[in-house]
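A.B. asks:
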Amino acid sequence: MTYNESNKTHHGVDNRENEQVQRMYGNNRDTCPVKSLDLYLSKLSPKCDALFQQPLQYPKQSCWYASQPMGKNKLAGMMARISKTAGLSKRYTNHCIKATVATRLKKAGIDLLSIMSVTGHRNVKSLDSYIEGPTDQDQICKIWDVFINQTLQINSLPL
Numbered sequence: 469m470t471y472n473e474s475n476k477t478h479h480g481v482d483n484r485e486n487e488q489v490q491r492m493y494g495n496n497r498d499t500c501p502v503k504s505l506d507l508y509l510s511k512l513s514p515k516c517d518a519l520f521q522q523p524l525q526y527p528k529q530s531c532w533y534a535s536q537p538m539g540k541n542k543l544a545g546m547m548a549r550i551s552k553t554a555g556l557s558k559r560y561t562n563h564c565i566k567a568t569v570a571t572r573l574k575k576a577g578i579d580l581l582s583i584m585s586v587t588g589h590r591n592v593k594s595l596d597s598y599i600e601g602p603t604d605q606d607q608i609c610k611i612w613d614v615f616i617n618q619t620l621q622i623n624s625l626p627l
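Per the numbering used here, residue 469 is the first one in the sequence shown, and the count goes up by one each step.
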């Protein structure tokens with residue numbers, strides 16, 4: 469799938485600059501992302517090119533969406549509504565999810581350029597506001613690990 473992104477950082481002036489090729493891999497589970505995307509795309513209105521369209525109040529068998537794009541305010545509040553509906557302990561936002569992904573990837577040892585390809589950042593410095601530093605709990609765990617390893621090494625020395 470190829471797409472061109474236009475947002476506050478990427479203005480869409482030169483489409484070749486923003487063009488990205490994305491891959492999605494299927495599996496045989498009920499929650500297969502490829503099957504879900506195929507179903508979603510098959511239910512969109514053919515009269516509208518937008519990926520996110522207004523849902524019909526009374527969906528039909530063949531089409532679930534109206535031939536008009538969903539507004540940016542509706543899209544921006546989507547994660548918060550999903551969080552509330554799912555009864556999650558925290559209200560998640562699009563920014564929160566993006567920051568969590570960036571932080572988890574960094575903690576997993578993924579290089580910053582690869583993280584930038586996922587988050588859409590162009591500048592490594594701009595990742596600083598997304599990637600959280602180590603928490604007190606992380607620091608406590610590291611100190612504890614060092615202490616345990618040193619204790620084990622001392623106990624394994626011959627007398």
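Positions of the beta carbon are idealized from the N, C-alpha and C atoms, including for glycine. What you are looking at is a predicted structure, and each value in this text was computed from that prediction instead of being measured.
If you draw a straight line from the C-alpha of Arg549 to the C-alpha of Lys558, how long is it?
C.D. replies: Going by the C-alpha atoms only, they are around 11 Å apart.
A.B. asks: Could you spell out where the alpha helix (DSSP H) holding Ala544 opens and where it closes?
C.D. replies: Here the alpha helix (DSSP H) through Ala544 covers Lys540 to Ala544.
A.B. asks: Closest to Ser551 by C-alpha separation, out of Gly539, Lys540 and Cys564, would be which residue?
C.D. replies: Looking at the Cα atoms, Cys564 is the closest of the given residues.
A.B. asks: List the whole-angstrom C-beta distance separating Thr561 from Ile599, where the pair is believed to meet the contact cut-off of C-beta under 8 Å.
C.D. replies: Rounded, the Cβ-Cβ distance is 17 Å, inconsistent with contact.
A.B. asks: By a C-beta neighbour count over all protein chains shown, 10 Å radius and 16 as the cutoff for buried, is Gln521 buried or exposed?
C.D. replies: Buried, since its Cβ has 16 or more Cβ neighbours within 10 Å.
A.B. asks: Using the Cα positions of Pro523 and Asp506, report the straight-line distance between them to the nearest angstrom.
C.D. replies: The straight-line gap from Cα to Cα measures roughly 17 Å.
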